[in-house]
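Going down the list, the sequences are from chains A and B. The C-terminal residue of the first sequence carries number 1539 in this note's numbering, and the numbering is unbroken. The C-terminal residue of the second sequence carries number 142 in this note's numbering, and the numbering is unbroken. Ideal Cβ placement from N, Cα and C applies to all residues, glycine included. These notes are about the structure you will find just below.
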Amino acid sequence: RKEVEQDPGPFNVPEGATVAFNCTYSNSASQSFFWYRQDCRKEPKLLMSVYSSGNEDGRFTAQLNRASQYISLLIRDSKLSDSATYLCVVIANQGGKLIFGQGTELSVKP
Amino acid sequence: EPEVTQTPSHQVTQMGQEVILRCVPISNHLYFYWYRQILGQKVEFLVSFYNNEISEKSEIFDDQFSVERPDGSNFTLKIRSTKLEDSAMYFCASSEYVLAGGWQETQYFGPGTRLLVL
């Protein structure tokens, strides 16, 4: 089983749509959870951390279910500028190394 | 806003040659990392470095790889004898501190060095 597994993409949606990304992780001892965004041929950039209580940042909402080892990201009212690959990222131990999922590509069309 | 910088942005080398990839982490950061991303694949951890020594390394980080912090600002990744399969984007990252229990301050990534081994 992959350490971090994401929905295969790509997701093609019209502007204004709501889109949801799902992610599962295999290590139940994982400590920290994040969503990163990666534009084509660029470095990953932190979008948001994910907390057990769920958290929201503008149009973005992240949820964590530790029992199911499941993480989600919801984007509401999607914009053209949201087009990117979304990476689910987990830290499994105190060393701080990031474990990345394969990423899900999102393409928002006019 | 402070940022991680990497040089060169692109490097082309012949198989068997040594390459050194350079990174300047954010100045008050204490933890440094190298990751790589082969084209079309996921980002993979290579090594973490703290207090002038390796904290953790992956299976990818074999004897051909080494890291060094030669002065107070640079953090380098050396590949001694490059192979075709070393062709990838190499990202340096740094973070301010790691809290006990695994929670961690954000890792900031540099723009990457694209390495092509011919």
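> With a cut-off of 9 Å, does the C-beta of residue 112 (chain B) fall near any C-beta of chain A?
Replying inline: No - not a single Cβ of chain A is within 9 Å of the one on residue 112 (chain B).
>> Measuring straight from C-alpha to C-alpha, what distance separates residue 1503 (chain A) and residue 86 (chain B)?
In response: Looking at the two C-alpha atoms, the distance is approximately 39 Å.
> Does the separation of the CB atoms of residue 106 (chain B) and residue 30 (chain B) fall below 9 Å?
Replying inline: It is not a contact, given that the beta carbons lie outside the stated cut-off.
> Who are the neighbours of residue 1529 (chain A) on chain B, taking C-beta pairs under 7 Å?
Replying inline: Using a Cβ-Cβ cut-off of 7 Å, residue 1529 (chain A) is close to 66, 67 of chain B, given in chain order.
> Cβ of residue 1373 (chain A) less than 9 Å from any chain B Cβ?
Replying inline: Residue numbering for chain A in the displayed model covers 1430 to 1539; residue 1373 (chain A) lies beyond these limits and cannot be assessed.
> Can you give the beta carbon distance from residue 1450 (chain A) to residue 1435 (chain A), rounded, assuming they're within the 8 Å contact cut?
Replying inline: 7 Å between Cβ atoms; contact.
>> Going by DSSP in three states, residue 1449 (chain A) sits in which element: helix, strand or coil?
In response: Residue 1449 (chain A): strand per DSSP, three-state reduction.
> If you compare alpha carbons, which of A:1539, A:1531, A:1517 is closest to residue 1461 (chain A)?
Replying inline: Cα-wise, what sits closest to residue 1461 (chain A) is A:1517.
>> Could you tell me the alpha carbon to alpha carbon distance between residue 1392 (chain A) and residue 1501 (chain A), rounded to whole angstroms?
In response: Lying outside 1430 to 1539, the shown extent of chain A, residue 1392 (chain A) is not represented and no answer is given.
> Alpha carbon to alpha carbon, what distance is there between residue 1465 (chain A) and residue 55 (chain B)?
Replying inline: In this structure, the straight-line span from the alpha carbon of residue 55 (chain B) to that of residue 1465 (chain A) is close to 19 Å.
> So is residue 1526 (chain A) buried or exposed if we call it buried at 16+ other beta carbons inside 10 Å?
Replying inline: The residue in question, residue 1526 (chain A), is buried, as its Cβ has 16 or more Cβ neighbours within 10 Å.
>> Which residues in chain B have a C-beta closer than 8 Å to the C-beta of residue 1473 (chain A)? List them in chain order.
In response: Correct list: 67, 115, 133.
> Would residue 1526 (chain A) count as contacting chain B if we go by Cβ distances under 9 Å?
Replying inline: Closer than 9 Å: yes.
>> Buried or exposed for residue 1520 (chain A), going by 16 or more other Cβ atoms inside 10 Å?
In response: With 16 or more Cβ atoms within 10 Å of its Cβ, residue 1520 (chain A) is classed as buried.
> For residue 127 (chain B) and chain A, any beta-carbon pair shorter than 9 Å?
Replying inline: Since pLDDT at residue 127 (chain B) reaches only 49, below the 50 mark, its modelled position is unreliable, and the value read off the structure follows with that caveat. Taking Cβ atoms only, chain A reaches closer than 9 Å to residue 127 (chain B), which makes this a yes.
>> Could you pull the DSSP bridge partners for residue 1473 (chain A) from this structure?
In response: DSSP output for residue 1473 (chain A) lists A:1467 as bridge partner(s).
> Excluding sequence positions up to five away, which residues of its chain have a Cβ less than 6 Å from the Cβ of residue 104 (chain B)?
Replying inline: Cβ neighbours of residue 104 (chain B) beyond the five flanking positions: 42, 88.
> chain A partners of residue 80 (chain B), CB-CB under 9 Å?
Replying inline: Within chain A, the C-beta atoms nearer than 9 Å to that of residue 80 (chain B) come from 1522, 1524, 1525, 1526, in chain order.
> Out of curiosity, what's the CA-to-CA distance linking residue 112 (chain B) and residue 84 (chain B)?
Replying inline: Our two residues, residue 112 (chain B) and residue 84 (chain B), have alpha carbons roughly 13 Å apart in a direct line.
> Which whole runs of the beta strand (DSSP E) in the region 65-110 of chain B are 3 residues long or more, in chain order?
Replying inline: Segments of the beta strand (DSSP E) lying fully in the region 65-110 of chain B: 67-74, 77-81, 89-92, 99-103.
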